[in-house]
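Below: one structure, written as structure tokens.
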Amino acid sequence: MRGRSPGALLCPIRKGGQIEIRYMTPQAVLLIVQKRAEAAGVESFSPHDFRRTFCSDLLDAGVDIVTVQKLAGHSSPVTTAKYDRRGEETKRKAVQKLGF
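Numbered by our numbering, the letters in the sequence shown go through residues 143 to 242 in order.
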């Protein structure tokens, strides 16, 4: 969740180390994420992957899709379902709960 304080979550830092209390541009965030992904040896990564991970981790923890939808700010659970990156193991465990 965003937290209780209004304002920017990520702020730019000037070369002299001074923090600017303003929003970072989407392009600035993208460049930082791409630089870090490259340093980690990750081929394809974008800031939007944080949203996918957030939704998938909540669903994996057993949070219902409507709650995840609201936390993600989606207008429909159908949109939230598109963010679900859980694998086949999750489906297998769900069926096992039925006792088959």
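Heads up, the beta-carbon is just placed ideally off N, CA and C, and yes, glycines get one too.
From residue i to residue j, what distance separates their C-alpha atoms?
i: residue 242; j: residue 202; result: 21 Å
i: residue 206; j: residue 181; result: 35 Å
i: residue 189; j: residue 239; result: 35 Å
May I ask you to list the residues that DSSP assigns as paired with residue i?
i: residue 207; result: In DSSP, residue 207 forms no bridge with anything.
i: residue 161; result: 155
Just to confirm the assignment, what range does the alpha helix (DSSP H) spanning residue i have?
i: residue 220; result: 219 to 224
i: residue 178; result: 168 to 182
i: residue 153; result: Here residue 153 belongs to no alpha helix (DSSP H), and DSSP marks it neither H nor E.
i: residue 201; result: 190 to 202
Between which residues of its own chain and residue i is the CB-CB distance below 7 Å, once the five residues before and five after are set aside?
i: residue 222; result: 197, 207, 210, 211, 214 and 216
i: residue 156; result: 162
Problem - the region 206 to 225 contacting the region 168 to 185, beta-carbon criterion three pairs below 8 Å - result: no
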